[in-house]
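So the protein sequences, as listed, match chains B, G and F.
Using the numbering used here, read the first sequence as starting at 1 and increasing by one per residue.
Using the numbering used here, read the second sequence as starting at 1001 and increasing by one per residue.
Using the numbering used here, read the third sequence as starting at 2001 and increasing by one per residue.
Each remark here refers to the structure printed beneath this line.
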Amino acid sequence: MRRAARLALVGVAVAAPWLVARVAPGQQRYVVHVLIFTVLFAALALSYDLVVGHVGALSLAHPAFFGVGAYTAALLATRAGWPFLADVLAAVVLAGAVALVAGVPLFRLTEHAFAVGTLAFALVAWIVATNWVDVTRGPLCVTGIPKPVTTLPAWYWLALGALGVVLLLYRGMTTFRLGRALHAVRDNAPLAAAAGIDPLRYRMLAFVAGGALAGGVGGIYAHYLSVFCPEEMTIALTVNLLVIVFLGGVGTLRGVLVGAVLFTALPEVLRLAPTWRLVIYGALLLVIVIRSPQGLDGLFRRAASASGR
Amino acid sequence: MLMDVLEQLVHGLTLGSMYAMVAAGLALMLGVARLINFAHGEFFMLGAYAFWYGYRQLELPYAVAGALAVAVMVLWGLAYQRTVIRAILPRSWHVQLIATLATSIVLTNLAIIVFGTQPKEVPTALSSRILDVGGFRMAAQRLLVLAGALVIFWALHRFVTRTRAGRAMRAMSQNREACAVVGVDVQQVALVTFGLSAALAAAAATLVSPLFNIFPDMGTGLTLKAFAAVVAGGFGYVNGAIAASFLIGITEALAGSYLSYQYKDAIAFLVMIAVLLWRPQGLFGRRLGI
Amino acid sequence: MALLEVRGLVKRFLGVTAVDGVDLTVGAGELVSLIGPNGSGKTTLFNCVTGYLGADAGRVLFRGEDVTRRPPHRIARLGLGRTFQHVSVFDRLSALENLLVFLQQHQEESVLARLVRTRRVRRLEAAAVERARALLDLVGLGPKSDAPAGSLSYGQRKLLAFAAALMPDPELILLDEPAAAVNPTMINQMKDHILALHRQGKTIVLVEHNMDVVMDISERVVVLDHGQKIAEGPPAAIRRDAGVIEAYFGR
């Protein structure tokens, strides 16, 4: 994307709360709330795309890291009075550590077993969150998580800042030599080994980085909602992330961002109940993965090359 | 003390029978059609609801309601095969996994919308009848489950070894390309396999529903355990999947009783991961074929 | 000290002994061909030597160092390059990037260096690009350097894989059927490249079925049958060896 266009986009993103206040003054609270969700989901989806799109590991464990991060931040804030930045950082570190420990055995499994193993791991995490009532209060959720900022526009810029950090890391990891190494492992792991690249090392790198970032987003999410429940880390989250990533374009920055925007904006436009939302997302994911696995980004690119641009 | 253990073993065998019937269908699809089906647990779930509907709402006799459930699921299986499965069969397993995962979510949530989240109960004459064998008590239904499972596995074995369709299935599981060359209709065989898997799941649902509650997201955990059994049994090897299923069932029952009821599933999954790490090719080695 | 030494290598699969106690010694600068009927264990031997398969018994020594059962990426970094029987490239990367991948691991140590673009790393990258372009020109793929590898023809991909293996300037190069499934012009091209490498002092071991190529360029030929070495010597001697003839035709 050209420099000017990119800067303009960033400008619009930053100025969004003011623009919304001008365009739809009565709806400002609601729209900004949706925007916050969009930004957080975009960050989460990017962290997931590192694993699925760039190193090619079909992990279904992401909700576990999101949950670990959220609970870490929530508990440190409510039980030990930690400040926001500190507990979010702790969330990142702990989620990354869990990813490291889980990744070692999981990556020893072959492809199919890996997917099943990560799914099992996510389920185990949910079971622990639901049943370890002494710590997580189970279905009663962790409540009263303090908010570091109070106004919605402030939250929006905070979330945008977090997205900025994730974006920087995402770009850093997926371009230049590191990106090349990850893509080599994704496309042809035995050949990568012949080139001196250790597939396990790079898979773990993406997995741990993705998990750590997911934990950070989880921590911020918990602070924003003031409440965090085990229901936030079920398989529904994995499906949501798969929809975003595959709808937009797996392995592409632009695609994932587009997917996140569509994914969070659509249901708000359609005003659906959660169950119907999932039915539609499931159906959408089904159609997309069959018809256009490269997502919308792939469609755009094909259209662009067809029109000779 | 012994009574306790026996009771848990019986419970484990009941669970194992259920998992085994579901896993056998999954293993068949994997072995014969090379298909990863993450919506498999939903066969069971829908079969259970179909059985509930027949038994409670239509007030059909037990056997008839069961037959209805099986018939409905076979039809559903065939419909699903002709639409979704046809499209994803030639694709990579990533596509298959995501597509069937999406289907699973759609079905689960549709079930919530149609049937509500309140669990349904289907008590039958046998589930309320308690057998007393020298001080050891258990619901008569459990005996039916075990007996039913054995009969079904025997019938499956006969089908696969004695019938033409079964032979075609075995051939396909070993060498798909060769099958097309010698004139085996690959699509037909896939269709039959699918219908069979659906029937197995529905049969399991009919046998087991009287003992447990029916709720919309019961399929997810079941799919996972079935996959665990299939992978641990040696990808696509039906007998291995059956054996591994019983292992999972018994582990779950014993862990649930002696370690922690709430964490029993977590323990079962961790044990499964441990088994895969110890023997990555599965308990019985990577075997194809039925 | 020989550059590569294989001592009593054994590899079994499900009851079949694919490699049955093979000894092989390759001195620096030699050009050796490994031949034998289908299923004689040639590629299995290659895979054991390069770390893709774990040997059940025996040892592999590279420059005197025991590398038996080491993972492939570690062996590659010691200076051992290879190509694959079924041509293997990174389809989604460009031809140029394919080559760059093969050098970057040899240039610096830390992951951090791969993330942060310091001046030193930028210089290394520029050097890598220069070398890659030179190699692409050498094999005639210069105009295709930005094309995705998946869009190249089979023969072009073979040349690309060959060039990629040469990127880190390995001492020992193992080529798995370089002349297979390509037209005669390409075969001659391959022969020329291999001989050029040989003149530069590189050590080369080929697995090959094409007897013309083998007899034409090899200094020494090793024959495997049913996992065992049945003959070894200069091409002329092998051509006349009764045991070899029987292995190929006497079935």
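Even glycine gets a Cβ: it sits at the ideal position worked out from N, Cα and C.
Asked	Found
As assigned by DSSP and simplified to three states, the class of alanine 1039(G)	coil
The region 1003-1010 of chain G / the region 1067-1078 of chain G touching (three or more Cβ pairs under 8 Å)	no
Beta-carbon proximity of asparagine 2210(F) to alanine 2149(F), cut-off 9 Å	no
Alpha carbon of serine 1245(G) to alpha carbon of alanine 45(B), nearest angstrom	35 Å
Check whether glycine 2029(F) and lysine 2202(F) have beta carbons under 9 Å apart	yes
Sheet register partners of serine 1295(G) (DSSP bridge)	Coverage of chain G is limited to positions 1001 through 1290, which leaves residue 1295(G) absent and any answer about it impossible.
Nearest residue (CA-CA) to leucine 1196(G), options Asn1213(G), Val1133(G), Ser1209(G) and Gly1166(G)	Gly1166(G)
Partners in chain G for leucine 140(B), counting only beta-carbon separations shorter than 7 Å	Those within 7 Å of leucine 140(B) in chain G number zero; the least Cβ separation is about 15 Å.
Cβ of phenylalanine 1115(G) within 9 Å of any chain B Cβ	no
Three or more C-beta pairs below 8 Å linking the region 190-203 of chain B and the region 2066-2074 of chain F	yes
Local conformation of isoleucine 2035(F) per DSSP, three classes	strand
First through last residue of the alpha helix (DSSP H) which encompasses glycine 310(B)	Absent from the structure is residue 310(B), since the part of chain B shown begins at 1 and ends at 309.
Per-residue DSSP class, three states only, for leucine 1026(G)	helix
CB contact below 9 Å: leucine 44(B) versus chain G	no
C-beta contact flag for leucine 319(B) and phenylalanine 2062(F) at 9 Å	Examination of residue 319(B) is not possible in this model, given that chain B is present from 1 through 309 alone.
Start and end residues, alpha helix (DSSP H) containing valine 1192(G)	1186-1208
Under the three-state DSSP convention, the category isoleucine 2204(F) falls into	strand
CA-to-CA distance, leucine 237(B) to leucine 1131(G), given in whole angstroms	45 Å
Helix, strand or coil at lysine 1264(G) according to DSSP, with G and I counted as helix	helix
Contacting residues, own chain, Cβ-Cβ under 7 Å from leucine 1101(G) (five flanking each side not counted)	Phe1038
Cβ-Cβ distance between phenylalanine 1044(G) and alanine 1205(G) below 9 Å	yes
Secondary structure of leucine 2078(F), DSSP reduced to three states	coil
Partner residues on chain B for phenylalanine 1194(G), Cβ-Cβ distance less than 9 Å	Near phenylalanine 1194(G) there are no residues of chain B at all, since even the closest Cβ is about 17 Å away, more than 9 Å.
Straight-line gap, isoleucine 1290(G) to phenylalanine 1153(G) (C-alpha atoms, nearest Å)	Note that isoleucine 1290(G) scores 48 on pLDDT, short of 50, meaning its location in the model is unreliable; the coordinates nonetheless yield the value given after this. C-alpha separation (whole angstroms): 12 Å.
Interface flag, tyrosine 1019(G) vs chain B, CB-CB below 9 Å	no
Coil, strand or helix - aspartate 2066(F) by DSSP	strand
N- and C-terminal bounds of the alpha helix (DSSP H) containing arginine 2239(F)	2235-2240
Integer-rounded CB distance, given that phenylalanine 228(B) should sit under 8 Å from tyrosine 71(B)	7 Å
Opposing strand residues paired with proline 2148(F) [DSSP bridges]	Ser2094(F)
Same chain only: Cβ atoms within 6 Å of threonine 1083(G), ignoring 5 sequence neighbours per side	none
Residues near isoleucine 244(B) by beta carbon distance below 6 Å, same chain, minus five either side	Ala45, Gly259, Ala260 and Phe263
Interface flag, glycine 244(B) vs chain G, CB-CB below 9 Å	Note that residue 244(B) is isoleucine in the sequence shown here, rather than glycine. No, isoleucine 244(B) does not count as interfacial toward chain G.
Interface flag, arginine 2092(F) vs chain B, CB-CB below 9 Å	yes
The region 1103-1110 of chain G / the region 287-301 of chain B touching (three or more Cβ pairs under 8 Å)	no
Pairwise C-alpha distance: alanine 1155(G) and leucine 1247(G)	22 Å
Euclidean distance between Cα positions of tyrosine 221(B) and glycine 1047(G)	39 Å
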